[in-house]
Structures are given as structure tokens and as C-alpha cells.
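Just so we're aligned, residue 38 is where the sequence shown starts under my numbering, counting upward by one.
Using N, Cα and C, we set each Cβ at its ideal position, and we do this for glycine too.
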Amino acid sequence: MHFSQIIQFTLVLAGLACAAPQSNPLLETVMLSNGETTVAVQVEAMSPASTGPHIGGEILARGQLVSRQDSINCKGSSLCSNRQGFKDSCTTAKNKIEDTTYASGGTKSGTCSGNCGIFVQGKDCIATGAVMRSAYNAIRNNGCQACGSAHWNNGCYITINYITGC
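Here it is in C-alpha cells:
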């Protein structure tokens with residue numbers, strides 16, 4: 038094999054490797070209830086960086102959320118929209134929050150409707166339905182009209198974000 042053939046062969050292999058289907062590292066799968074069943078939805082992965090005003094907080098135990106958050110931000114997917122249809126979907130998702138326990142990475146991390154999901158994120162985090170509703174209201178009352186997150190100092194957060202697959 039000549040040097041030029043080796044280069045051509047290497048370029049072909051490199052092209053095939055790039056063309057192969059790959060998982061998108063920018064997407065995260067979250068299990069949400071749509072009111073009828075639990076579905077696997079896709080959401081843009083976000084950094085849980087805490088930004089926004091400090092509003093106090095209390096942690097009972099690692100991963101356990103209580104009704105007061107440490108900070109709130111209005112960050113979310115690049116697809117978050119201030120359109121009324123998206124906001125209505127978020128309101129519907131909030132109304133689907135049950136009086137149960139939601140867990141990050143679990144079979145039920147939150148709820149969804151249309152393209153809006155409300156869910157628990159962070160390592161080993163849990164929240165009751167009451168805490169989920171309280172966080173949703175705090176995010177909205179902080180001026181976030183579309184997407185946003187309520188953060189706790191223990192690395193847990195509840196997020197309203199654009200999702201696909203609900």
C-alpha cells in the first residue's frame with residue numbers, strides 16, 4: 038500500500054466514524070409523568086450553577102428539599118419561549134404535580150405537558166409535590182416567565198424547562 042492510499046483509507050475511516058450515530062452529550066433523559074403515564078423526555082443538559090438573588094434556605098438532610106430555596110435563576114433551554122402556549126403548558130404541568138415524592142434520576146422526576154417539564158435535578162435529590170409546587174411559584178414570582186430553576190445549597194434544584202417527548 039502506498040502512502041497516498043494509506044492517507045485516503047484513513048480519511049475514509051475518519052469520515053465513517055463521524056457519520057456514525059452518536060448520542061448527543063447536550064441532551065439528558067428525564068422520566069416525567071404526563072398525567073397518564075411516565076415518559077422518558079429529552080431536555081438540554083444544564084449546569085446547576087446557582088445564580089440569582091439569595092432568598093434564604095434550610096436543608097433537612099442530604100438530598101431532601103424543603104419549601105425555601107437558596108436562589109433562583111431564569112435560565113433554561115435555548116428553546117424556552119415566552120409564548121403563551123408554552124406558558125400554558127407549564128401551568129398544566131404544574132397542575133399535574135401529585136402529592137407524592139419525586140426523585141432525581143428516578144422513575145418519576147417530575148411532570149410534563151406539551152413541551153414543558155417541571156422536575157427535580159441534582160445528585161440523590163428528592164422533593165415532595167408540595168415542594169415542587171412551591172418552587173414553581175417561587176420561580177414565577179421571581180420574574181421567570183418561561184424557564185428557570187430554584188436551587189438549594191446542597192446541589193439540588195427544581196427546574197422548569199423546555200422538553201421533548203411528553
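For residue 179, tell me which candidate among 75, 81, 109 has the shortest Cα-Cα distance.
Taking only the C-alpha atoms, the option nearest residue 179 is 109.
Residue 121, buried or exposed, once every other Cβ within 10 Å from all chains shown has been counted against 16:
Residue 121 sits exposed, since fewer than 16 C-beta atoms from the chains shown fall within 10 Å of its C-beta.
Taking the alpha-carbon positions, what's the residue 72 to residue 157 distance?
When rounded, the distance between both Cα atoms is 17 Å.
Exposure label - residue 41; buried when at least 16 CB within 10 Å
Any answer about residue 41 is weak, because its pLDDT of 47 lies below 50 and its placement is not dependable; what the coordinates show is given next. Around the Cβ of residue 41, a 10 Å sphere holds fewer than 16 other Cβ atoms; the residue is exposed.
Taking only three categories from DSSP, how would you classify residue 175?
Assigned with DSSP and collapsed to three states, residue 175 falls in helix.
DSSP three-state call for residue 192: helix, strand or coil?
Coil.
Let's test the definition: count the other Cβ atoms within 10 Å of the Cβ of residue 107 and tell me whether it reaches 16, buried, or not, exposed.
Counting C-beta atoms within 10 angstroms of its own C-beta, residue 107 has 16 or more neighbours from the protein chains shown and is therefore classed as buried.
State buried or exposed for residue 196, treating a residue as buried only when at least 16 other CB atoms are found within 10 Å of its CB.
Classified as buried, residue 196 has 16 or more neighbouring CB atoms from the shown chains inside 10 Å of its CB.
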